[in-house]
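Chemist: Using our numbering, the first residue of the sequence shown is number 16, and each one after it goes up by one. Yeah, the Cβ is synthetic: ideal placement off N, Cα and C, and Gly gets one too. Predicted model, so just to flag it, every value in this text is computed and none were measured. Okay, here's the structure, questions in a sec.
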Amino acid sequence: MSSSITGRFELGDFALQSDTILENAFIGFRAYGSLNEARDNVIVFPTWYTGTNDQVEPYVGVGKALDPEKYFIVVPDMFTNGSSSSPSNTPEPHHALEFPLVTPFDNVSAQRRLLEEHFGITGVDLMVGFSMSGQQAYHWAALHSDFVRRACSICGSAKTSSHNWAMLHAYKTTMETTVEWRDKNCQDWDPKVLSVMASIGATMAMSQDWYREGLHLTDEVKGVTDVIGNIKNLFQPWVPANLYAQTLTWMSADVSKNPNFNGDLESALRAIDIPFLMLPCETDMYFRVEDNEAELPFIPLGQLNIIRSKSGHMAGLPGFSPEDDAFIDRQLMDFLQVPC
């Protein structure tokens with residue numbers, strides 16, 4: 016395990032895209048390695064849906080792409096994950112279900128402030144993300160290419176697709192169905208809701224092939240019900256109001272939805288003028304290879320390499336599959352050598 020430091024950066028009163036001011040906002044982080052004299056040997060890897068800043072650890076290590084002896088690696092916590100400003104730790108008037116929508120644009124704006132104001136960073140060698148933070152990679156590349164030299168999205172997309180949105184709507188409406196939710200008592204899970212949430216996750220996160228080939232079976236996992244139980248254990252520690260807000264963030268993701276591009280997705284993709292690597296998984300049902308293939312023609316320095324795996328979306332989750340981790344590490348190692 017690589018040594019690291021953790022902390023939080025106070026953002027003060029933070030203006031969101033929704034025109035809401037999030038008072039006394041803050042962003043949590045974990046960092047590995049040391050800054051060089053120029054303060055630009057930096058890799059940034061934000062968290063994702065249900066992610067926390069310790070979960071990038073399997074990608075970090077001496078001799079790996081994310082090598083703490085070469086790079087200063089920063090893992091910012093996404094708003095709503097409980098370590099940054101979230102429904103559970105924000106007082107009225109934005110507590111619990113009154114927490115405002117926070118977009119990927121907002122997260123990236125806060126992350127840049129963390130890097131510049133807290134660490135004094137002058138540039139980022141690689142911005143990389145998985146899933147929701149893969150979506151943030153598009154925002155970094157399209158909106159902050161003055162600060163970032165390369166970006167990579169692992170199992171992500173520039174905009175949440177309609178099918179992806181429909182799955183997220185299932186999460187959203189499931190959480191909204193309980194009496195506790197209507198009474199705004201959103202601190203604890205209704206056991207029935209937790210079971211439904213886990214069943215949706217078990218359906219979508221891994222591929223049909225993963226199940227068909229018995230890749231879910233281990234000494235501890237005897238069948239699909241055990242997979243669902245493991246996903247319940249993943250959701251259980253989360254405050255429901257936090258996961259609800261994070262679901263809304265994912266649903267809102269669109270790199271073009273800001274004053275720079277006014278909803279013109281093609282223009283946003285063309286604005287990515289740095290090397291940009293897309294690593295979709297061939298069996299991912301959230302972020303399809305075809306989504307990235309449709310984006311590629313508009314990204315001037317875009318590259319697309321497919322993760323050949325049965326793991327579905329989980330191919331990009333650090334630590335889920337050693338084989339997928341090794342493939343992604345090789346891709347990032349090569350990408351870090353691409354001239355900028």
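1) Decide if Lys272 is buried, meaning its Cβ has at least 16 other Cβ atoms within 10 Å, or exposed.
2) Return the Cβ separation of Ala202 and Val270 in integer angstroms, given the expectation that the two are a contact with Cβ distance under 8 Å.
3) Exposed or buried, what is Ser49 when buried is set at 16 or more other beta-carbons lying within 10 Å of its beta-carbon?
4) If you run the structure through DSSP and keep just helix, strand and coil, what is Gln126?
5) Suppose you measure from the CA of Ser423 to the CA of Ala309; what does that come to, to the nearest Å?
6) What number of angstroms, rounded off, separates the C-alpha of Leu156 from the C-alpha of Gln126?
7) Quick check on Val12: does DSSP put it in helix, strand or coil?
8) Within the same chain, show all residues whose beta-carbon is closer than 7 Å to that of Ser99, passing over the 5 residues directly before and after it, in chain order.
9) For Phe87, which residues from the same chain have a beta carbon less than 7 Å from its beta carbon, with the 5 sequence-adjacent residues on both sides left out?
10) What does a CB cutoff of less than 7 Å around Ala80 pick up in its chain, not counting 5 residues either side in sequence?
11) So which of Leu263, Pro61, Met212, Ser222 has the shortest CA-CA distance to Phe302?
12) Quick one: what's Glu25 bridged to in DSSP?
13) Pull up the distance between the alpha-carbon of Ser342 and that of Gln32, whole angstroms please.
14) Pull the bridge partners of Leu81 from the DSSP assignment, please.
15) Once the 5 residues before and after Ala268 are set aside, which same chain residues still bring their CB inside 6 Å of it?
16) Quick one: what's got a C-beta closer than 8 Å to His328's C-beta in the same chain, skipping five residues either side?
17) List the endpoints of the continuous alpha helix (DSSP H) containing Ile255.
18) Below 8 Å on the Cβ atoms is my guess for Val143 versus Ala152; work out the distance and round it to an integer in Å.
19) Is Pro315 helix, strand or coil when you go by DSSP?
20) Can you name, in chain order, every residue of its own chain whose Cβ lies under 6 Å from the Cβ of Leu319, other than the five neighbours on each side?
21) Thr35 and Pro115 - do their beta-carbons sit closer together than 7 Å?
Modeler: Taking the structure as given:
1) Buried, by the Cβ-count rule.
2) The sequence shown places Gln at residue 202, not Ala. About 33 Å; that fails the 8 Å criterion.
3) By the 16-neighbour rule on beta-carbons within 10 angstroms, Ser49 is exposed.
4) Three-state DSSP puts Gln126 in a helix.
5) As displayed, the chain neither begins before 16 nor continues past 355, which places residue 423 out of reach and without an answer.
6) Note on identity: in this sequence residue 156 is Ala, with Leu being the wrong assignment. Going from the Cα of Ala156 to the Cα of Gln126 covers about 13 Å.
7) Nothing about residue 12 can be read from this structure; the chain reaches only from 16 to 355.
8) Same-chain partners within the cutoff: Phe41, Ile42, Gly43, Asp92, Met93.
9) Closer than 7 Å at Cβ, skipping near neighbours: Ala46, Gly48, Ser49, Leu50, Asn56, Val57.
10) Only Asp344, Leu347, Met348, Leu351 meet the Cβ criterion.
11) In this structure, Ser222 is the residue among Leu263, Pro61, Met212, Ser222 with its C-alpha nearest to the C-alpha of Phe302.
12) Per the DSSP secondary-structure output, Glu25 pairs in a beta bridge with Phe41.
13) Checking the displayed sequence, the identity of residue 342 turns out to be Phe instead of Ser. C-alpha of Phe342 to C-alpha of Gln32: approximately 36 Å in a straight line.
14) Looking at the DSSP assignment, Leu81 forms a beta bridge with Val75.
15) Excluding residues within five positions, the ones whose Cβ falls inside 6 Å are Pro119, Gln150, Thr175.
16) Ser146, Cys170, Met219, Ala220, Met221, Cys296, Asp299, Met300, Tyr301, Phe302, listed in sequence order.
17) For the record, residue 255 in the displayed sequence is Pro; it is not Ile. Counting along the chain, the alpha helix (DSSP H) containing Pro255 begins and ends at 255-267.
18) Right, the Cβ-Cβ distance comes to about 6 Å (below 8 Å), so this counts as a contact.
19) In the three-state reduction of the DSSP assignment, Pro315 falls in the coil class, being assigned neither a helical nor a strand state.
20) Excluding sequence positions up to five before and after Leu319, its CB lies within less than 6 Å of the CB of Met293, Asn307, Leu311, all in the same chain and listed in chain order.
21) Contact flag set, yes.
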